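A.B. asks: I'd like to ask you about the structure that follows.
There are 2 protein chains.
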Amino acid sequence: MVNVAILGFGTVGSGVADVLTMNRDLIRQRAGKEVALKYILDVREFPDSPYKDCFVKDFSVIENDPEVDVVVETIGGATVALDFTRRALAAGKSVVSSNKELVATHGYELLQLAAEKGVSYLFEASVGGGIPVLRPLTNCLAGNELSEVRGILNGTTNYILTRMIRAGLSFDQALKEAQDNGYAERDPSADIEGHDACRKICILAALAFGRHVYPQWVPTQGITAITLADVDYANSCGYKIKLLGRALKMDDDKVCAYVAPHLVSGENPLSGVEDVFNAIAATGNAVGDVMFYGRGAGKLPTASAVVGDVVDIAKDVTAPKRNQWAAGDEAMIQSPDCLSFRWYVRANGTMDAARSAVGDITPLARSGAPASEIAFLTESMTQAQLNSKLAGMEVLSSIRVLG
Amino acid sequence: MVNVAILGFGTVGSGVADVLTMNRDLIRQRAGKEVALKYILDVREFPDSPYKDCFVKDFSVIENDPEVDVVVETIGGATVALDFTRRALAAGKSVVSSNKELVATHGYELLQLAAEKGVSYLFEASVGGGIPVLRPLTNCLAGNELSEVRGILNGTTNYILTRMIRAGLSFDQALKEAQDNGYAERDPSADIEGHDACRKICILAALAFGRHVYPQWVPTQGITAITLADVDYANSCGYKIKLLGRALKMDDDKVCAYVAPHLVSGENPLSGVEDVFNAIAATGNAVGDVMFYGRGAGKLPTASAVVGDVVDIAKDVTAPKRNQWAAGDEAMIQSPDCLSFRWYVRANGTMDAARSAVGDITPLARSGAPASEIAFLTESMTQAQLNSKLAGMEVLSSIRVLG
Chain A
3 MVNVAILGFG TVGSGVADVL TMNRDLIRQR AGKEVALKYI LDVREFPDSP
53 YKDCFVKDFS VIENDPEVDV VVETIGGATV ALDFTRRALA AGKSVVSSNK
103 ELVATHGYEL LQLAAEKGVS YLFEASVGGG IPVLRPLTNC LAGNELSEVR
153 GILNGTTNYI LTRMIRAGLS FDQALKEAQD NGYAERDPSA DIEGHDACRK
203 ICILAALAFG RHVYPQWVPT QGITAITLAD VDYANSCGYK IKLLGRALKM
253 DDDKVCAYVA PHLVSGENPL SGVEDVFNAI AATGNAVGDV MFYGRGAGKL
303 PTASAVVGDV VDIAKDVTAP KRNQWAAGDE AMIQSPDCLS FRWYVRANGT
353 MDAARSAVGD ITPLARSGAP ASEIAFLTES MTQAQLNSKL AGMEVLSSIR
403 VLG
Chain B
3 MVNVAILGFG TVGSGVADVL TMNRDLIRQR AGKEVALKYI LDVREFPDSP
53 YKDCFVKDFS VIENDPEVDV VVETIGGATV ALDFTRRALA AGKSVVSSNK
103 ELVATHGYEL LQLAAEKGVS YLFEASVGGG IPVLRPLTNC LAGNELSEVR
153 GILNGTTNYI LTRMIRAGLS FDQALKEAQD NGYAERDPSA DIEGHDACRK
203 ICILAALAFG RHVYPQWVPT QGITAITLAD VDYANSCGYK IKLLGRALKM
253 DDDKVCAYVA PHLVSGENPL SGVEDVFNAI AATGNAVGDV MFYGRGAGKL
303 PTASAVVGDV VDIAKDVTAP KRNQWAAGDE AMIQSPDCLS FRWYVRANGT
353 MDAARSAVGD ITPLARSGAP ASEIAFLTES MTQAQLNSKL AGMEVLSSIR
403 VLG
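Sequences listed follow chains A and B, in order.
Position one of the first sequence corresponds to residue 3 (this note's numbering), numbered consecutively onward.
Position one of the second sequence corresponds to residue 3 (this note's numbering), numbered consecutively onward.
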């Protein structure tokens, strides 16, 4: 028998309780033993909950109960969650987390602590919600040298962009709709400014390349500046605008990671990922390209990933999962300014002026464009090269094209 | 140090040797120890091979060498491969296989033997080539009751269908091109008749639903009857024709599995899987739909999956991987005749006659159709219902539509 304590009875925490309950028989079968919910920590009262006998308000009850084997942390943030995670690991309990902020900011330290204590710290749910991605990356692709991990890592922004593309909504209208549907929070900045995707690409980069990458080292651009004009021009040449997180292995083992909108070709399977779905693609020197697709958020999908980790630990609580990466080192980070792209550019001016400034360009057209507006795709160049060529032009937007 | 012996130096076997060599340092790092290639078994001579010192012709050398921990079986078929796999497991060695025929026909027996001997029998490479799919299904989705697994499981047929759809080649032309490109064998029947996909859906069904499903229980239809006319009609209504393997959990724990071409909606991510790529989708009661995508065949992608299994075993050769299913039982198999679908039908006749025979239909059109030809989509019904309604018509083709 393995006893589980859930920290935080919000969307994900209550989902974990529900999945442990509704799939109890098959979880017992797969773990080879009973996996029982013993505690739920929350400051609030839930007198009508089916789990009402499990609630405690004091973390030390969980910390000091030697029968608790696995602590599920779904509190979020990096303050209380950090304290409780440290204390749970220090008390010799394995911890399973869905908390991308905590893993992205303190993952190295917590993995070290777990290793010292001979327990596991697993966080499949922190990236891609229910999509199996971290374990496949580290286990199934263990025979590969990975050169890149990239993906649509945030469901809220993908929903907004999909509604702009398919329904012709403006960014503000699509954001409002996402909020009305519960896909975006009242304060949507962590999603639309790209911070959520940034934390996830940090975790993917650490697992793929073996070294902690901190969010503050990752240039991050959201989707607030994307207009319907950009969506229309992209569509006219067979592209869709997607917010991507990318992490690339560079020469000398350096890592380049960033978050930004991209024009993604209709030939690329990432372009077909719509609504709140996420997808993570990886490139390995043996496997080539693989992609993992599914629901990147939501109560039960995220709980599915948490419970997968719990079952993995429950199979043998005495055998901690090896899941390590090295300390971060800013000297090993390379700016995305070193990368060359084709660029999509929208500007006020004439195509002739653009051609003489930028060189070979592919003109784009859309119906209803103001007479002064032009748009085009450039040849491949770095951000600095683009900026210098565009210096004399009135640029309305410039977006990377995924090669 | 973990010693590996490879059985069979064909495409996959030589790929495994190459991946173990080219990624040796990072494999050591991930396994926590050296993973060394000690033997390659092949009846042929390879005097110029970089691995020439590893070759042996007598399996008993491997069987009797206590230093060999992991045997990689890439022989194929279910005769010699079965004998050697049994003997390797009986000798206390873990076995990693890319051999879908052997797993689909003798998986239960071999997994039992592995469990008795306290070793592992792993076969990630047997389905989806390099795509991580079996381990994510059994580990990451362990908290889910799975209701369905389905996929594009054969790269050769997907290449042929893609070329018919995109280049307007006939089936015979596309097959010839696939053979010229090395994607199809001289005798292509295992691919184009659906037998390869059948073996793979048997393995997926066993892992997803916990019981061996034998290929002879799985109704299997290939793509040899698909014409350009069908491709055009499908395209006219936003569908692509794909060869799918499907396995569904039915009432009373019964399993329904079959292989057949389907019209797949452009909204379904499986429709965007082109060329030799494969994709496997699963539906769980917590996670919803997930999909795994990548190269389903080829030397290095398949070797990537094999080496992933080898690394997993090498981490701790004394801890066998739990990977079991129950014996097969034909009484638990339900025929796909119980399933209802919308159907695509092409026939000689008039739309009025079709309407009076079939009821509500959606007429389809294509340019260049003979005057006598009609095509339409039906409402949802079983195969038996469709057959009875179409009894008086001259049917040219009927294909399931994926709902």
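Where a beta carbon is used, it is the ideal one built from N, C-alpha and C, also for glycine.
What you are looking at is a predicted structure, and each value in this text was computed from that prediction instead of being measured.
(1) For a cutoff of 8 Å on Cβ pairs, would you count A:R152 as touching chain B?
(2) Within 10 angstroms of its Cβ, does B:G17 collect 16 or more other Cβ (buried), or is it exposed?
(3) Under a Cβ-count criterion, where at least 16 other Cβ atoms within 10 Å of its own Cβ denotes burial, should A:P271 be classed as buried or exposed?
(4) Since B:K256 contacts B:S149 with CB under 8 Å, what's their CB separation in whole angstroms?
(5) Using a Cβ-Cβ cut-off of 8 Å, state whether B:K317 counts as contacting chain A.
(6) So, with DSSP's three-state summary, where would you put A:T81?
(7) Can you list, in chain order, the residues of its chain with a C-beta nearer than 7 Å to that of B:A455? Leave out the 5 residues immediately preceding and following it.
(8) Can you tell me whether B:P338 is helix, strand or coil according to DSSP?
(9) Hey, how far is the Cα of A:I228 from the Cα of B:N146?
(10) Any contact of the stretch 262-282 of chain A with the stretch 98-109 of chain A, i.e. 3+ C-beta pairs under 8 Å?
(11) Give a yes or no on contact between the stretch 242-250 of chain B and the stretch 359-378 of chain B, applying the rule of three or more CB pairs nearer than 8 Å.
(12) Quick one: residues in its chain with C-beta nearer than 7 Å to the C-beta of B:G120, no 5 flanking neighbours on either side, listed in chain order?
(13) Just to confirm the assignment, what range does the beta strand (DSSP E) spanning B:M293 have?
(14) Please compile the residues from chain B whose C-beta is within a distance smaller than 7 Å of the C-beta of A:E111.
(15) For B:H214, which residues does DSSP report across the bridge?
(16) Hey, how far is the Cα of B:R32 from the Cα of A:I401?
(17) Let me confirm a value: A:T87 is counted as buried when at least 16 other C-beta atoms fall within 10 Å, else exposed. Which label applies?
(18) When you check each C-beta in the stretch 61-74 of chain A against every C-beta of chain B, which residues fall closer than 7 Å?
(19) Output, in chain order, the set of chain B residues within a Cβ distance shorter than 8 Å of A:P303.
(20) Give me the residue from A:L209, A:A207, A:R188 and A:P217 with the minimum Cα distance to A:H197.
(21) Are A:L9 and A:V63 close, meaning C-beta to C-beta below 8 Å?
(22) Let me know the alpha helix (DSSP H) ranges lying completely inside the stretch 236-322 of chain A, each 4 residues or longer, listed in chain order.
(23) Give me the chain A residues within the contact set of B:G310, using Cβ-Cβ distance strictly less than 7 Å, ordered along the chain.
(24) If A:D311 sits next to A:L28, beta carbons under 8 Å apart, how far is it from one beta carbon to the other, in whole angstroms?
(25) Please state if the CB of A:V14 and the CB of A:K1 are separated by a distance shorter than 8 Å.
(26) Give the residues of chain A in contact with B:F294, contact being defined as C-beta atoms less than 7 Å apart.
(27) By DSSP, does A:W327 sit in helix, in strand, or in coil?
(28) Three or more C-beta pairs under 8 Å: does that hold for the stretch 79-94 of chain A against the stretch 48-55 of chain A?
(29) Can the beta-carbon of A:N141 be found closer than 8 Å to that of B:R137?
(30) Step through the CB atoms of chain B and report whether any lies within less than 8 Å of the CB of A:S306.
(31) Establish whether the CB of B:L28 and some CB of chain A are separated by less than 8 Å.
(32) If contacts are defined as beta-carbon pairs under 8 Å, then B:A249 and B:I203 qualify, I think. What distance do you get, rounded to the angstrom?
(33) For the stretch 117-142 of chain A, which residues have a beta carbon sitting closer than 7 Å to at least one beta carbon of chain B?
(34) Would you decide whether B:K59 is buried or exposed? Buried here means 16 or more other CB atoms lie within 10 Å of its CB.
(35) Can you name, in chain order, every residue of its own chain whose Cβ lies under 7 Å from the Cβ of A:G170, other than the five neighbours on each side?
(36) I'd like the span of the beta strand (DSSP E) that includes B:D193, first residue to last.
C.D. replies: Answer, in terms of the structure:
(1) Start at 1 with the first residue of the first sequence, and residue 152 of chain A comes out as number 150. Not one chain B Cβ lies under 8 Å of A:R152.
(2) In the second sequence, counting from the first residue as 1, residue 17 of chain B sits at position 15. Burial call: buried.
(3) The sequence position of residue 271 of chain A within the first sequence is 269, counting from 1. By the neighbour-count rule (16 or more Cβ atoms within 10 Å), A:P271 is buried.
(4) As a working mapping, residue 256 of chain B is identified with position 254 in the second sequence. As a working mapping, residue 149 of chain B is identified with position 147 in the second sequence. The C-beta separation of B:K256 from B:S149 comes to about 12 Å, leaving the pair out of contact by the 8 Å criterion.
(5) Position 315 of the second sequence, counting from 1, holds the residue named residue 317 of chain B. Taking Cβ atoms only, chain A reaches closer than 8 Å to B:K317, which makes this a yes.
(6) The count along the first sequence starts at 1 and reaches residue 81 of chain A at position 79. Judged by DSSP in its simplified three-state form, A:T81 adopts coil rather than helix or strand.
(7) What is shown of chain B runs 3 to 405, which leaves residue 455 of chain B out entirely.
(8) Translated into the one-based positions of the second sequence, residue 338 of chain B becomes position 336. B:P338: helix per DSSP, three-state reduction.
(9) Taking the first sequence and counting its residues from 1, one reaches residue 228 of chain A at position 226. Taking the second sequence and counting its residues from 1, one reaches residue 146 of chain B at position 144. Taking the straight line joining both Cα atoms gives about 38 Å.
(10) The stretch 262-282 of chain A, when compared against the stretch 98-109 of chain A, does not touch it at the 8 Å Cβ threshold.
(11) They do not touch, by the three-pair rule.
(12) Mapped onto the second sequence, residue 120 of chain B falls at position 118. Excluding sequence neighbours, B:G120 sits near P322.
(13) Indexing the second sequence from 1 puts residue 293 of chain B at position 291. G290 to R297 is the extent of the beta strand (DSSP E) around B:M293.
(14) Within the first sequence, numbered from 1, the residue matching residue 111 of chain A stands at position 109. The premise fails here: A:E111 is roughly 21 Å from chain B at the closest Cβ pair, so nothing lies under 7 Å.
(15) What you label residue 214 of chain B is simply residue 212 of the second sequence in a count that begins at 1. Its beta-bridge partners do not exist; DSSP assigns none.
(16) Here residue 32 of chain B refers to the residue found at position 30 of the second sequence. Here residue 401 of chain A refers to the residue found at position 399 of the first sequence. Between B:R32 and A:I401, the C-alpha separation is close to 37 Å.
(17) Within the first sequence, the letter at position 85 stands for residue 87 of chain A. Buried.
(18) Close to chain B, meaning a Cβ-Cβ distance shorter than 7 Å, is no residue of the stretch 61-74 of chain A at all.
(19) For the purposes of this step, residue 303 of chain A is identified with residue 301 of the first sequence, where counting begins at 1. Within 8 Å Cβ-Cβ: A288, V289 and G290.
(20) Taking the first sequence and counting its residues from 1, the one referred to as residue 197 of chain A is at position 195. Out of A:L209, A:A207, A:R188 and A:P217, A:P217 has the C-alpha closest to the C-alpha of A:H197.
(21) Numbered from 1 along the first sequence, position 7 holds the residue referred to as residue 9 of chain A. Numbered from 1 along the first sequence, position 61 holds the residue referred to as residue 63 of chain A. Between A:L9 and A:V63, the C-beta gap is not smaller than 8 Å, which leaves the two residues out of contact.
(22) Here the runs fully enclosed are 301-317.
(23) Taking the second sequence and counting its residues from 1, one reaches residue 310 of chain B at position 308. N141, C142, L143, A144 and G145, listed in chain order.
(24) Residue mapping note: residue 311 of chain A aligns to position 309 of the first sequence, counting from 1. Residue mapping note: residue 28 of chain A aligns to position 26 of the first sequence, counting from 1. Contact between A:D311 and A:L28 does not hold, since their C-beta atoms are separated by about 16 Å, which reaches or exceeds 8 Å.
(25) Nothing can be reported for residue 1 of chain A: it is not among the residues displayed for chain A, which extend from 3 to 405.
(26) By one-based count along the second sequence, residue 294 of chain B stands at place 292. Listed by position along chain A, the residues whose Cβ is nearer than 7 Å to that of B:F294 are F294.
(27) Counting from 1 along the first sequence, the entry for residue 327 of chain A is found at position 325. Coil, per DSSP.
(28) Verdict: no, contact absent.
(29) Position 139 of the first sequence, counted from the first residue, corresponds to residue 141 of chain A. Position 135 of the second sequence, counted from the first residue, corresponds to residue 137 of chain B. Against a cut-off of 8 Å, the Cβ pair of B:R137 and A:N141 comes out as a contact.
(30) Position 304 of the first sequence holds residue 306 of chain A. Contact with chain B is found for A:S306, since one of that chain's Cβ atoms lies less than 8 Å from the residue's Cβ.
(31) What you label residue 28 of chain B is simply residue 26 of the second sequence in a count that begins at 1. Chain A, which has a Cβ nearer than 8 Å to the Cβ of B:L28, makes this yes.
(32) Counting from one through the second sequence, the residue named residue 249 of chain B turns up at place 247. Counting from one through the second sequence, the residue named residue 203 of chain B turns up at place 201. Taking a contact as a CB-CB distance under 8 Å, the pair B:A249 and B:I203 counts as one, their CB atoms being some 5 Å apart.
(33) Taking 7 Å as the Cβ-Cβ cut-off, the stretch 117-142 of chain A approaches chain B at E126, G132, I133, P134, R137, P138, N141 and C142, given in chain order.
(34) By one-based count along the second sequence, residue 59 of chain B stands at place 57. Using a 10 angstroms sphere on the CB of B:K59, the tally of other CB atoms stays under 16, which defines it as exposed.
(35) Position 168 of the first sequence, counted from the start, is the residue given in the question as residue 170 of chain A. For A:G170, the CB contacts under 7 Å within the same chain, skipping 5 residues up- and downstream, are L230 in chain order.
(36) Looking up residue 193 of chain B in the second sequence gives position 191. For B:D193, no beta strand (DSSP E) run applies; the uninterrupted alpha helix (DSSP H) run containing it begins and ends at S191 to I194, by DSSP.
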